[in-house]
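Read the structure below first, then the notes.
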Amino acid sequence: MVDDGVQAVEQADKNALAAQPMPGLGRAGAEPRRKTISNPYVHRLQRRHFLLFDIVPIVGTAVALALLTVRPIGATEIALLVAMWAVTGLGITVGYHRLFTHRAFRAKPALAAALAITGSMAGQGGLVSWVALHRRHHECSDQEGDPHSPNLAGDGLRGRLRGLAHSHFLWMRRHEYPNVVHYAPDLIKDRALIRVARRYNLWVALGLALPAAIGGIIDQSLVGAFYGLLWGGLVRIFLLEHVIWAINSFLHMFGTRPFVSREKSRNGGIFSVLTFGESWHNNHHAFPESPSFGLRWYRPDPGFWFIRTCAALGLASDLKTPSARRIAARRTAANDTVTPAVAS
Ligand SMILES: [Zn+2]
Ligand SMILES: [Zn+2]
21 MVDDGVQAVE
31 QADKNALAAQ
41 PMPGLGRAGA
51 EPRRKTISNP
61 YVHRLQRRHF
71 LLFDIVPIVG
81 TAVALALLTV
91 RPIGATEIAL
101 LVAMWAVTGL
111 GITVGYHRLF
121 THRAFRAKPA
131 LAAALAITGS
141 MAGQGGLVSW
151 VALHRRHHEC
161 SDQEGDPHSP
171 NLAGDGLRGR
181 LRGLAHSHFL
191 WMRRHEYPNV
201 VHYAPDLIKD
211 RALIRVARRY
221 NLWVALGLAL
231 PAAIGGIIDQ
241 SLVGAFYGLL
251 WGGLVRIFLL
261 EHVIWAINSF
271 LHMFGTRPFV
281 SREKSRNGGI
291 FSVLTFGESW
301 HNNHHAFPES
311 PSFGLRWYRP
321 DPGFWFIRTC
331 AALGLASDLK
341 TPSARRIAAR
351 RTAANDTVTP
361 AVAS
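Under my numbering, the letters of the sequence shown match residues 21 to 364, in that order.
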């Protein structure tokens, strides 16, 4: 998804610090710190990440599908795919998104570390980069500066298709890198967390090695290991990536809008289980600080169920779920203040 979580963050920090005066330290009248960084080094890392973590899973999935004609998969491959999908999917939605980006609850250090690791295993970018990009998405949603809006490529069918392709996939090849000093200072200061997050490549490799090892042990063969690597590793990364990216692309174009606002986020309720609750995206934009994206008990939200379970076990606390009254007030206020042209 983004740059390598180790080097890019460090280099971007260095670039940002070197190029931009820190508040209070710069010359009088100096320019304020830039919010994004764009240089050949960062773009090289982005291209490398795109090839390794976004293109390779597509190739792996194509190989896995082609091999189905030679040897059908069994319960082991399906179990590895589902289990690794759930573990890494929760790492992204509960860890990367709700905990680290939006601070929607507090987590005990062991839970935070586990979520940083399982989120990294998804191969969608280093923790600090992911958080900075997503905070910028909320800041600039569907306006200039949004790293992945589908709504800025022009009108008409052609513009909409171009916007979808950009927001779903193509933006990751090369994009402005959000200055992590500006967007994620809380994470950078957390030394224990950074020690875990900087091993991004290791965690991705572990996410591939684990299903390979389990597949090999169960099948007692290298073929079993290879199939475990394919289905629990590459196919799982491919599927989870496209589900999460669909939130960025399709759910800023299609779906329902109970909360009308400046940005064009949508809810896609029928995909809520498949996306761990992420598809309540319009709800999320309305209440980004809420650990619950469904907002009400009858809207499936597996990510929130997981957080509730962690809270019951004493691993999570301070769940900032908005009250029914606040939700109703927000809906009315937003719908009243947005003009029809913006709400379209
Ligand atoms: Zn969004
Ligand atoms: Zn968010």
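Built from N, CA and C at the ideal position, the CB exists for glycine as well.
Nothing here was measured: the structure is a model prediction, and the numbers come from that model.
Under 7 Å between C-beta atoms of residue i and residue j
i: Arg351; j: Phe279; result: yes
i: Pro342; j: Phe291; result: no
i: Ala133; j: Val216; result: yes
i: Tyr116; j: Arg155; result: no
i: Val200; j: Val148; result: yes
i: His168; j: Ser140; result: no
i: Val114; j: Phe326; result: yes
i: His122; j: Glu309; result: yes
i: Arg194; j: His301; result: no
i: Ala225; j: Gly235; result: no
i: Gly109; j: Phe296; result: yes
i: Leu184; j: Ser269; result: yes
i: Cys77; j: Leu254; result: Contrary to the premise, residue 77 reads as Pro rather than Cys in this sequence. Against a cut-off of 7 Å, the Cβ pair of Leu254 and Pro77 comes out as a contact.
i: Ala142; j: Leu65; result: no
Ligand 1 heavy atom lying under 6 Å from the CB of residue i
i: Leu281; result: A small fix is needed here, since residue 281 is Ser in this sequence, not Leu. Checking every heavy atom of ligand 1 against the Cβ of Ser281, none is found closer than 6 Å.
i: Ser343; result: no
i: Ser149; result: no
i: Ser187; result: no
i: Ser285; result: yes
Member of the options whose CA lies at the smallest distance from the CA of residue i
i: Trp191; options: Lys340, Lys55, Leu71; result: Leu71
i: Leu130; options: Gly334, Gly323, Gly109; result: Sequence inspection shows Ala at residue 130; the Leu mentioned does not correspond to that position. When each option's Cα is compared against that of Ala130, the closest is Gly334.
i: Arg346; options: Asn303, Gly323, Ala331; result: Asn303
i: Gly252; options: Arg54, Ile75, Val90, Trp105; result: Trp105
i: Leu119; options: Pro311, Leu259, Leu254, Leu85; result: Pro311
i: Asp161; options: Lys340, Arg316, Gly314, Met273; result: Looking at the sequence itself, residue 161 is Ser, so the reference to Asp does not match. It is Met273 whose Cα lies nearest to the Cα of Ser161.
i: Gly145; options: Arg218, Arg319, Cys330, Asp166; result: Arg218
Buried or exposed (CB count within 10 angstroms, at least 16 for buried), residue i
i: Pro41; result: Residue placement at Pro41 is flagged as unreliable, the pLDDT there being 36, under the threshold of 50; the coordinate-derived value follows with that caveat. So Pro41 counts as exposed.
i: Ala349; result: exposed
i: Lys284; result: buried
i: Leu101; result: buried
i: Leu153; result: buried
i: Thr138; result: buried
i: Thr89; result: exposed
i: Leu271; result: buried
Item checked: Contact shell at 6 Å, judged by CB to any heavy atom of ligand 2, ordered along the chain -> His117, Thr121, His122, His154, His158, His304, Pro308
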